[in-house]
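The UniProt record's numbering numbers the first residue of the sequence shown as 1 and each following residue consecutively. Beta carbons are placed, not taken as given, at the ideal position from N, Cα and C, and that holds for glycine. All figures in this text were calculated on a predicted structure; none of them were measured in a lab. Structure, as structure tokens:
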Amino acid sequence: MPEPMIPVSFPPAFLWGAATSAYQIEGAVREDGRTPSIWDTFSHTPGKTAGGETGDIAVDHYHRYRDDVALMAELGLTAYRFSISWPRVQPTGRGPAVQVGLDFYRRLVDELLAHGIKPAVTLYHWDLPQELEDAGGWPERDTAYRFAEYAQIVGEALGDRVEQWITLNEPWCSAFLGYASGVHAPGRTDPAASLKAAHHLNLAHGLGASALRSVMPARNSVAVSLNSSVVRPVSQDAADLAAAKKIDDLANGIFHGPMLHGAYPDSLLAATELLTDWSYVLDGDLAAINQPLDALGLNYYTPALVSAETDVNGPRADGHGASSHSPWPCADDVAFHQTPGDRTEMGWTIDPTGLHDLIMRYAAEAPGLPLYITENGAAYDDKPDPDGRVHDPERIAYLNGHLKAVRRAIEDGADVRGYYLWSLMDNFEWAYGYGKRFGAVYVDYATLERTPKSSALWYGQAARTGALPEVEAV
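Right, dumping it as structure tokens:
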């Protein structure tokens, strides 16, 4: 008789969540006092998004949140990570809150709690109020102070009911895709400005964390979500190792250095000295950034493979879209290579070992700090069957492989306390418009009808039982 399979089970308190962001799902961009964010402006600029698509309606979560929460509960989710739309709460990025904007999030939180779902709030998921960008955006120091004021407003409104808080989501994307390569809002291509943006995002994190703690109960958790890269050299040659180190500094050290250790890596400062003198790092900034964290969020999709060789005419393989401008300041001597293996619709290689490596790196980088996987998921070309069901075995296999990597990291000693699937449902995928479907729930964009895919049912069973269900052959 064959040996019975031992289920891959998780600790009893492990959170089984899904994640979204405001601009990608809410819609209602002109309702109740909301003003344009940089993504409203960017998506309405011809040529910036696939097909000129925008988040004006998105999936209309603003009006359908009660049904969406009921669907989460039906699936068995125990946690939901969502972001606050800054211009819905503070339309100009300054001054008092618009209470009707905050009221939406109060209702959403109450609905989640009523269904036994733990809310996790992300304060910034890329939708800077356009007026702040007009004043200079993230390359300007003042934006960090405005963020701290905004953080305090939201913390005062929701801190009595929300225990899990995340200051920034993927500041690397905000800084380098927004200000260096220009493939994300606000679409600027100024490498020196992108490094200033990175510093002021770091400062915003530190000031925002302090602002939250000044108005919230001590029991609440303050974290940040980083899309730290797993950077692998093509070979162990010194030049390739140096290339990997340069990208690691620009992807990871530039954020976790000051956030976790109170300093930028010396190698980062040296590598960028011809572009910037870092004089905008003022006395006291690094101490302000280096706030104690209660947890760290890690977002992971695919590893990076680099070498010292450069082929300027070759295809981009860094996972961040096509652009004649690099998102990597001072890294023109580094080439990105497509990693081997199966790929998702984004062209990203599927490699769960990268997630395990990432977790173990931060278990060592920040010993004793609880970790959450705040994003992980895959885009596939999902379509309903003739009977209306949406079967996505590829996504089930993807989730199974990556959740097994999380479980292996726990067995190896990492304190991983939860996993947030990206994403709850299909939505506006930034510059890709609606062409890339990451959701566990299928959305018919013509009718906005929601249909749980087979992956949602599989993941829901995992959430209810705390163990991974069996996976069909793909």
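Measuring only the C-alpha atoms, how far is residue i from residue j?
i      : j      : result
Glu472 : Pro393 : 7 Å
Ala223 : Leu293 : 6 Å
Pro315 : Tyr372 : At Pro315, the pLDDT of 39 sits below 50, so the modelled position is not reliable; the number obtained from the coordinates is stated separately. Between Pro315 and Tyr372, the C-alpha separation is close to 33 Å.
Glu429 : Thr122 : 18 Å
Arg34  : Ala409 : 42 Å
Val100 : Asp32  : 6 Å
Ala263 : Thr41  : 35 Å
Asn376 : Val441 : 15 Å
Ala193 : Gly257 : 19 Å
Ser21  : Asp142 : 24 Å
Asp68  : Tyr62  : 10 Å
Glu133 : Ala19  : 26 Å
Lys196 : Ala271 : 15 Å
Ala211 : Gln152 : 5 Å
Met360 : Leu207 : 28 Å
Arg407 : Thr92  : 44 Å
Tyr124 : Leu260 : 19 Å
Asp444 : Leu268 : 45 Å
Ala446 : Ser235 : 49 Å
Leu403 : Ile289 : 32 Å
Leu457 : Ala209 : 36 Å
Gly27  : Ala144 : 26 Å
Can you tell me where the alpha helix (DSSP H) with residue i in it begins and where it stops?
i           : result
Phe42       : Ile38 to Ser43
Arg88       : Trp86 to Val89
Asn427      : Careful: Asn427 lies outside any alpha helix (DSSP H) and carries neither H nor E.
Ile166      : Not the alpha helix (DSSP H): Ile166 falls in the beta strand (DSSP E), residues Gln164 to Asn169.
residue 476 : Lying before the first or after the last residue shown, residue 476 is absent from the chain, which here runs from 1 to 474.
Tyr362      : Pro352 to Glu365
Leu113      : Gln99 to Ala114
Leu241      : Ala238 to Asp248
Leu269      : Asp266 to Ala271
Leu286      : Asp285 to Ile289
Using a Cβ-Cβ cutoff of less than 8 Å, which residues in the same chain neighbour residue i once the five nearest sequence positions on both sides are dropped?
i           : result
residue 475 : Here the chain has residues from 1 to 474 only, and residue 475 is not among them.
Thr45       : Gly187
Asp237      : Ala308
Ile117      : Val69, Met72, Ala73, Leu77, Thr78, Ala79 and Tyr80
Helix, strand or coil, according to DSSP, for residue i in the structure here?
i           : result
His125      : coil
Met216      : coil
Asn227      : coil
Ala440      : coil
residue 484 : As displayed, the chain neither begins before 1 nor continues past 474, which places residue 484 out of reach and without an answer.
Trp458      : helix
Pro7        : coil
Pro255      : Residue identity check: residue 255 is Phe in the sequence provided, not Pro. Three-state result, Phe255: helix.
Gly418      : strand
Pro119      : strand
Arg161      : coil
Val29       : coil
residue 489 : An answer regarding residue 489 cannot be provided, because it is not within the stretch 1 to 474 covered by the chain.
Leu403      : helix
Ala446      : coil
Leu296      : strand
His320      : coil
Thr143      : helix
Identify, in the order they occur along the chain, each residue of the same chain with its Cβ nearer than 6 Å to the Cβ of residue i, setting aside the five sequence neighbours on each side.
i      : result
Trp39  : Tyr23, Asp127 and Ala185
Pro87  : Arg34, Thr35, Ser37 and Pro129
His205 : Thr167, Leu168 and Val224
Asp357 : Val230
Val312 : For Val312, the predicted model reports a pLDDT of 40, less than 50, meaning its position is unreliable; a value from the coordinates is still stated below. Here the set comprises nothing.
Ile6   : none
Counting along the chain, where does the beta strand (DSSP E) carrying residue i start and finish?
i      : result
Val306 : Ala304 to Ser307
Arg450 : Arg450 to Pro452
Glu375 : Leu371 to Asn376
Arg81  : Ala79 to Ser83
Leu15  : Leu15 to Ala19
Phe336 : Ala335 to His337
Which same chain residues, not among the five before or five after residue i, have their C-beta less than 7 Å away from its C-beta?
i      : result
Leu241 : Pro233
Pro327 : Phe176, Leu177, Ala180, Ser181 and His320
Tyr398 : Ile350 and Ala378
Inset, instruction - May I ask you to verify whether the segment 325 to 334 touches the segment 385 to 393, counting CB pairs closer than 8 Å and requiring at least 3? - result: no
Legend entry - the segment 409 to 418 touching the segment 4 to 17, judged by at least three CB pairs closer than 8 Å: yes
Inset, instruction - Check whether the segment 43 to 60 touches the segment 152 to 170, taking contact to mean three or more Cβ pairs, one atom from each stretch, closer than 8 Å. - result: no
Inset, instruction - Take every Cβ of the segment 363 to 371, pair it with every Cβ of the segment 277 to 295, and state whether three or more of those distances are shorter than 8 Å. - result: yes
Inset, instruction - Answer yes if the segment 137 to 151 comes into contact with the segment 171 to 190, meaning at least three C-beta pairs across the two stretches below 8 Å, and no otherwise. - result: yes
Inset, instruction - Mind the definition here: the segment 423 to 442 touches the segment 66 to 76 only if three or more C-beta pairs lie below 8 Å; say whether that holds. - result: yes
Inset, instruction - Tell me, please, whether the segment 209 to 229 touches the segment 247 to 255 by the rule of three or more beta-carbon pairs shorter than 8 Å. - result: yes
Legend entry - Stretch-stretch touch, CB-based, cutoff 8 Å, three pairs: the segment 430 to 439 with the segment 41 to 50: yes
Inset, instruction - State whether the segment 166 to 174 contacts the segment 102 to 114, with contact taken as three or more CB pairs (one from each stretch) at a distance under 8 Å. - result: no
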